[in-house]
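> Can you keep this structure in mind? I'll have questions shortly.
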Amino acid sequence: MGIQASPGILSVVGTPIGNLADASPRVIDTLTAADVVLCEDTRVTAKLLSAFGVRASLQRCDEHVIASQVGSVLERLAQGQRVAFVSDAGMPGISDPGQRLVDAALDAGFTTEVIPGPSAVTCALVASGLACDHFFFEGFLPRKHGAQTERLTWLAAIPSALVIYESPRRVAATLARIAEVMPSRRVALVRELTKLHEEVVRDTAVALAAIIAARESLKGECVLIIAPPT
13 MGIQASPGIL SVVGTPIGNL ADASPRVIDT LTAADVVLCE DTRVTAKLLS
63 AFGVRASLQR CDEHVIASQV GSVLERLAQG QRVAFVSDAG MPGISDPGQR
113 LVDAALDAGF TTEVIPGPSA VTCALVASGL ACDHFFFEGF LPRKHGAQTE
163 RLTWLAAIPS ALVIYESPRR VAATLARIAE VMPSRRVALV RELTKLHEEV
213 VRDTAVALAA IIAARESLKG ECVLIIAPPT
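Residue numbers (our numbering): 13 to 242.
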């Protein structure tokens, strides 16, 4: 009678959001041991693995294809393979489609482990210095003006700090909208987290919107922290 293959493991791996030194030994060991690394962009993850001296088989698994790949991932796990899942930066499953893969693996009875890593949500909350005993993670707001205003109006009633992701190209317009809906709230713009030019700019929503509007350009992904209502 043959030996039955051991059950596979799905490892959800948090990767650096800027500073490569934030990768833990456990992150590197997990990626090294993986039979395949699922990722958003193979080019981005290839550079990450190269920096760590890790050689691994890469497979694209972003929001456009993840639904069609769930079945093949479960087959790998059934064969006893170790599958690592990463996003381009930060913790997979937070504002990305990784939750669908974890959900399917757990429903199928496979072992799923989380390898902790940096998260822009918690880093930005701490860096903002604003009260964050309770916080609500919104992620990206709707892009259309009306829908964004409607969503911000709903968010304004939540009695906690608000965490919003935004691109540097749209952050000035988003701050202007926040200033319309919550003019007196304190807001912090946190960008380039863990990188050389990390920056935190804080003021009331109206004042911060004016400060950012006066800048010629911004670089780096941005996180907005809106203080709780007083």
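All C-beta atoms, glycine included, are put in the ideal place defined by N, C-alpha and C.
1. Within 10 angstroms of its Cβ, does T242 collect 16 or more other Cβ (buried), or is it exposed?
2. Taking Cβ positions, are V82 and L113 nearer each other than 9 Å?
3. Could you check how far apart the C-beta atoms of V175 and L137 are, in whole angstroms? I think they sit under 8 Å.
4. Would you be able to state if there are at least three C-beta pairs under 8 Å between the segment 128–143 and the segment 204–213?
5. Quickly, what does DSSP pair S215 with across the bridge? List them, please.
6. For V66, which residues of its own chain have a beta-carbon under 7 Å away from its beta-carbon, when the five flanking residues on both sides are left out?
7. In chain order, which beta strand (DSSP E) runs of at least 3 residues are fully inside the segment 45–118?
8. Counting Cβ pairs closer than 8 Å, one from the segment 160–179 and one from the segment 140–151, do we hit at least three?
9. Out of A191, E233, K231, state which residue places its alpha-carbon closest to the alpha-carbon of D215.
10. With a 10 Å radius around its C-beta and 16 neighbouring C-beta atoms as the bar for buried, classify L32 as buried or exposed.
11. Could you tell me which of R189, T27, A68, V235 sits nearest to V126, measuring between CA atoms?
Concretely, from the data shown:
1. For the purposes of this step, residue 242 is identified with residue 230 of the sequence shown, where counting begins at 1. With fewer than 16 Cβ atoms within 10 Å of its Cβ, T242 is classed as exposed.
2. Taking the first residue of the sequence shown as 1, we reach residue 82 at position 70. Taking the first residue of the sequence shown as 1, we reach residue 113 at position 101. Yes.
3. Working through the sequence shown from its first residue, we reach residue 175 at position 163. Working through the sequence shown from its first residue, we reach residue 137 at position 125. The Cβ separation is near 7 Å, so the contact holds.
4. yes
5. Here the question's residue 215 lines up with position 203 in the sequence shown. According to the sequence displayed, residue 215 carries Asp and not Ser. Answer is V199.
6. Here residue 66 refers to the residue found at position 54 of the sequence shown. So the list reads I40, L43, T44, once near-sequence residues are dropped.
7. 48–51, 70–72, 94–97
8. yes
9. By 1-based counting over the sequence shown, the position of residue 215 is 203. When each option's Cα is compared against that of D215, the closest is A191.
10. Residue numbering aside, residue 32 sits at position 20 when the sequence shown is read from its first letter. Counting Cβ neighbours within 10 Å, L32 comes out exposed, since fewer than 16 surround it.
11. Within the sequence shown, residue 126 is the residue found at index 114, counting from 1. Residue T27 is the option with its Cα nearest to V126.
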